[in-house]
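Comments concern the structure below.
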Amino acid sequence: MAATNPSSPLRGEQVGGGDGPTFPAGDALTPEDYYVSVENIQLLWLSGAIGRTIIAPLDRVKFILQCQGELQRLGTLDGSFRGAGHCVRHLASIEGYRSFWRGNLIQVISLLPITIAQIFIALPTQTFVFNAFPHHSAATYTASFYAAHISGALAASMVSYPLDFARFRLAVDIKPFRGASYEFRHSLAFFSQPVLSESPHLLYKGLCLYVFGSLLYQTVHNGILRVVEPFVLPETPESGYGTIAAQVGTGLTVSALSTLCLHPIDTVRRRMMIAATEDDLRYSSSMHCARHIMRTEGPAGFYRGGLFALVRMVATTALFTLGSVAS
């Protein structure tokens, strides 16, 4: 399978901030570049399922911290959490420790169709669009790169976005007090809502921000990487721990800056997703949602959960590194 990013000498920077499909940088692609076997698909699904299950508690806390303003608007929360520790204690005491994995089942199950969609829908679409453009100059090459990325992301999102929507909505569905019930017992209860039956397009609320966020993350990440990469010593057989530490630190810094750039867009998108099924609370556009956040919470509202997102990023990097070493 083709690599999704240009090779880099830095460690600790292989962290995706957005979940959208990425596009291979390089010359024109052929179908052989993204051919995979059934065994490889199974391995991709299994490794993804294990990794997502390990990170699931961090995801749920991050989502709740990020969207607590919207949960208050919805009437689920009476007040704000003072921090990640306060949120963790609330979930543990009110819902129990198993609740940290709420929504993970649909996430694990959906990884298989999402993986298949990325391989057999996103990559062929990206290849077709990329190769359809002339590559006579840097401008046309850049245009074909971004057009292919957007096309592939939109194609795969037709499958992945509703599944991710259900997983996210279950994760932020919290009990305000002990003995209260969830709004949605499981993913089928979410999909069976009358409003979604009448308006299925609401399952794609925030899709444009999803694709734009993925594009922004890659652009910022690769741009910063190109700036700092010449100043980082490459790893050689004679390299000591200092070189490796510098690479890891630089890679984490690049990923952290990219994640913080993406966070306000992701916050607006996820808050729109929460309000999508509420007729009286639904936002008419992303700008409507952004103006509401700015008016009621100020600039800090866009960065709620931002520090915890960095904690999740470090944990994901460590998990990725351990997986690479083990393989």
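Heads up, this note's numbering is the position in the sequence shown plus 1165, with the first residue counted as 1. Just so you know, even glycine gets a beta-carbon here, dropped at the ideal spot from N, CA and C. The structure displayed is predicted, hence computed values, not measured ones.
{"Query": "Taking the Cβ atom as the reference point for each residue, do Phe1295 and Ala1313 lie within a distance shorter than 8 angstroms?", "Result": "yes"}
{"Query": "Between the alpha carbons of Leu1368 and Ile1458, how many angstroms are there, rounded?", "Result": "22 angstroms"}
{"Query": "Select from Glu1235, Val1273, Ser1264, Ala1321 the residue whose C-alpha is nearest the C-alpha of Leu1288.", "Result": "Ala1321"}
{"Query": "Drop a sphere of 10 angstroms on the beta-carbon of Leu1353, count the other beta-carbons inside from all chains shown, and report buried for 16 or more, exposed for fewer.", "Result": "exposed"}
{"Query": "Would the beta-carbon of Leu1381 fall within 8 angstroms of that of Arg1434?", "Result": "no"}
{"Query": "Among the candidates Met1478, Ile1409, Pro1395, Thr1442, whose CA atom is the shortest distance from the CA of Leu1422?", "Result": "Met1478"}
{"Query": "When you compare only the Cα positions, how much space is there between Leu1270 and Ala1282?", "Result": "19 angstroms"}
{"Query": "Mapping the DSSP letters down to three states, classify Leu1368 as helix, strand or coil.", "Result": "helix"}
{"Query": "Please work out which residues of its chain come closer than 7 angstroms, Cβ to Cβ, to Leu1475, disregarding the five sequence neighbours upstream and downstream, and give them in chain order.", "Result": "Ala1421, Thr1424"}
{"Query": "Quick check: the Cα distance between Gln1231 and Lys1340, rounded to an integer number of angstroms?", "Result": "17 angstroms"}
{"Query": "How many angstroms separate the CA atom of Cys1426 from the CA atom of Tyr1468?", "Result": "10 angstroms"}
{"Query": "Please state the DSSP three-state secondary structure of Leu1361.", "Result": "helix"}
{"Query": "Once DSSP output is grouped into helix, strand and coil, what is the label at Glu1400?", "Result": "coil"}
{"Query": "For His1366, tell me which candidate among His1255, His1251, Met1438 has the shortest Cα-Cα distance.", "Result": "Met1438"}
{"Query": "Using DSSP with H/G/I as helix, E/B as strand and the rest coil, what is Leu1194?", "Result": "Residue placement at Leu1194 cannot be trusted, given a pLDDT of 44 that sits under 50; what the coordinates show is reported in the next sentence. In this structure, Leu1194 counts as coil in the three-state DSSP scheme."}
{"Query": "Enumerate, from N- to C-terminal direction, the unbroken alpha helix (DSSP H) stretches of 4 or more residues contained entirely within the stretch 1263 to 1291.", "Result": "1269 to 1282"}
{"Query": "Contact between the stretch 1394 to 1414 and the stretch 1295 to 1305: three or more CB pairs below 8 angstroms?", "Result": "no"}
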